[in-house]
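Residue numbers (this note's numbering): 307 to 535.
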Ligand SMILES: [Zn+2]
């Protein structure tokens, strides 16, 4: 068993969080740390939640070049279903599909760094609101105490791909098949102020909401913050 002392390597402040947390934000100096195989590794971090925010939560912002190698859409899907019954027959449908691909573009994706049911869909909505995030907090200001970051750096890369597929599926055509690859992936931990409503939680000023019950460790996150105020 490996024991890692959770202390900020920059300022010596003790890092706190929940039992399963892998990501830590130093509320003294503003550095970010990820718990990896070799102990704590430095993370890029953006703090956008003020110290007095009741519920500062961790998110991943992933910048990547998205290569769409192949994208197949079906034409006339509904009409085809009626004409040829619902059984999929490749030879009948051959002329009913269109294949594109070979394109690439840079995208910035934003999604929770804590488990949420339906995370890719939430990530699609959040990524659309990426330009309405609150201002960056100056690290010389007082900083918030953050917990709940349990999605590792590696898992964030995999989830970034899921969010990208979700973005493609949201387009108004009928996506049948897609092959994508992400390259030049750069991940940043972003701390955003969130607000509890009756059943839902709203994320910063984005207008994006998720259900409290869709977060497995929601009560632990809330307990952590209420015990520290
Ligand atoms: Zn520190």
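For each residue, glycine too, the CB sits at the ideal point set by N, CA and C.
Exercise. Which residues in the same chain have their Cβ closer than 8 angstroms to the Cβ of residue 502, if we skip the five residues on either side of it in sequence?
Worked result: Within the chain shown, numbered from 1, the residue matching residue 502 stands at position 196. Contacts found: 360, 361, 518 and 528.
Exercise. In whole angstroms, what separates the C-alpha of residue 355 from that of residue 450?
Worked result: Here residue 355 corresponds to residue number 49 of the chain shown, with the count starting at 1. Here residue 450 corresponds to residue number 144 of the chain shown, with the count starting at 1. Between residue 355 and residue 450, the C-alpha separation is close to 7 angstroms.
For this session: Go ahead and pull the three-state DSSP assignment for residue 411.
Result: The residue given as residue 411 occupies position 105 in the chain shown. Correct three-state label for residue 411: strand.
Exercise. Excluding five sequence neighbours on each side, which residues of the same chain lie with their C-beta closer than 8 angstroms to the C-beta of residue 505?
Worked result: One-based indexing of the chain shown puts residue 505 at position 199. The answer, listed in chain order, is 517, 518 and 519.
Exercise. Cβ-heavy atom distance between residue 337 and ligand 1 below 7 angstroms?
Worked result: Counted from its first residue, the chain shown places residue 337 at position 31. Yes, since a heavy atom of ligand 1 falls inside the 7 angstroms radius drawn around the Cβ of residue 337.
Problem set entry | Contact set for residue 424: own chain, Cβ-Cβ below 6 angstroms, skip 5 residues either direction | Here residue 424 is taken as the residue at index 118 of the chain shown, counted from 1. Cβ neighbours of residue 424 beyond the five flanking positions: none.
Problem set entry | heavy atom of ligand 1 below 7 angstroms from residue 453 C-beta | Counting from 1 along the chain shown, the entry for residue 453 is found at position 147. Incorrect: residue 453 has no Cβ contact closer than 7 angstroms to ligand 1.
For this session: Would you decide whether residue 531 is buried or exposed? Buried here means 16 or more other CB atoms lie within 10 Å of its CB.
Result: Position 225 of the chain shown, counted from the start, is the residue given in the question as residue 531. Counting Cβ neighbours within 10 Å, residue 531 comes out buried, since at least 16 surround it.
For this session: Determine which residues share a DSSP beta bridge with residue 376 and list them.
Result: In the chain shown, residue 376 corresponds to position 70, counting from 1. Looking at the DSSP assignment, residue 376 forms a beta bridge with 485.
For this session: Select from 314, 433, 448 and 490 the residue whose C-alpha is nearest the C-alpha of residue 474.
Result: Translated into positions along the chain shown, residue 474 becomes position 168. Checking every option, the nearest Cα to that of residue 474 belongs to 433.
Exercise. Is there contact here, the region 322 to 342 with the region 374 to 381, by at least three beta-carbon pairs under 8 angstroms?
Worked result: Cβ pair count under 8 angstroms is below three, so no.
Exercise. How long is the line joining the alpha carbons of residue 358 and residue 470, rounded to whole angstroms?
Worked result: Within the chain shown, residue 358 is the residue found at index 52, counting from 1. Within the chain shown, residue 470 is the residue found at index 164, counting from 1. Each residue's Cα considered, the two are about 34 angstroms apart.
Exercise. Nearest-angstrom Cα distance between residue 408 and residue 468?
Worked result: Taking the first residue of the chain shown as position 1, residue 408 is located at position 102. Taking the first residue of the chain shown as position 1, residue 468 is located at position 162. So the alpha carbons of these two residues sit roughly 19 angstroms apart.
Exercise. Are residue 435 and residue 513 touching if we call contact CB-CB under 8 angstroms?
Worked result: The residue you call residue 435 lines up with position 129 of the chain shown. The residue you call residue 513 lines up with position 207 of the chain shown. Going by C-beta atoms, residue 435 is nearer than 8 angstroms to residue 513.
Exercise. Who are the near neighbours of residue 315 in its chain, counting only those whose CB is closer than 7 angstroms to its CB and skipping five residues on each side?
Worked result: By one-based count along the chain shown, residue 315 stands at place 9. Closer than 7 angstroms at the Cβ level, and outside the excluded window around residue 315, lie 346.
Problem set entry | Within 8 angstroms, strictly: CB atoms of residue 420 and residue 363 | The sequence position of residue 420 within the chain shown is 114, counting from 1. The sequence position of residue 363 within the chain shown is 57, counting from 1. Less than 8 angstroms separates the beta-carbon of residue 420 from that of residue 363.
Exercise. Who are the Cβ neighbours of residue 521 in its own chain at under 6 angstroms, not counting the five residues just before and after it?
Worked result: Along the chain shown, one-based indexing puts residue 521 at 215. So the qualifying residues of the chain are 422.
Exercise. Between the C-alpha atoms of residue 380 and residue 441, what's the straight-line distance to the nearest angstrom?
Worked result: The residue given as residue 380 occupies position 74 in the chain shown. The residue given as residue 441 occupies position 135 in the chain shown. Distance between the alpha carbons of residue 380 and residue 441: 42 angstroms.
Problem set entry | Top-ranked residue by Cα proximity to residue 438, from 498, 402, 371 and 326 | Taking the chain shown and counting its residues from 1, one reaches residue 438 at position 132. Checking every option, the nearest Cα to that of residue 438 belongs to 498.
Problem set entry | Straight-line gap, residue 482 to residue 412 (C-alpha atoms, nearest Å) | If you number the chain shown from 1, residue 482 lands on position 176. If you number the chain shown from 1, residue 412 lands on position 106. About 23 angstroms.
Problem set entry | Local conformation of residue 369 per DSSP, three classes | Residue 369 sits at position 63 when you count from the first residue of the chain shown. Strand, per DSSP.
Exercise. Exposed or buried, which one is residue 317 when buried takes at least 16 other CB atoms within 10 Å?
Worked result: What you label residue 317 is simply residue 11 of the chain shown in a count that begins at 1. Its Cβ having fewer than 16 others within 10 Å, residue 317 is exposed.
For this session: Take residue 405 as the anchor and find which of 323, 480, 494 and 452 has the nearest alpha-carbon.
Result: As a working mapping, residue 405 is identified with position 99 in the chain shown. Among 323, 480, 494 and 452, the Cα nearest to that of residue 405 belongs to 480.
For this session: Return yes when the C-beta of residue 314 is under 7 angstroms from any heavy atom of ligand 1, and no when it is not.
Result: Walking along the chain shown from the start, residue 314 turns up at place 8. Yes, ligand 1 has a heavy atom inside 7 angstroms of this Cβ.
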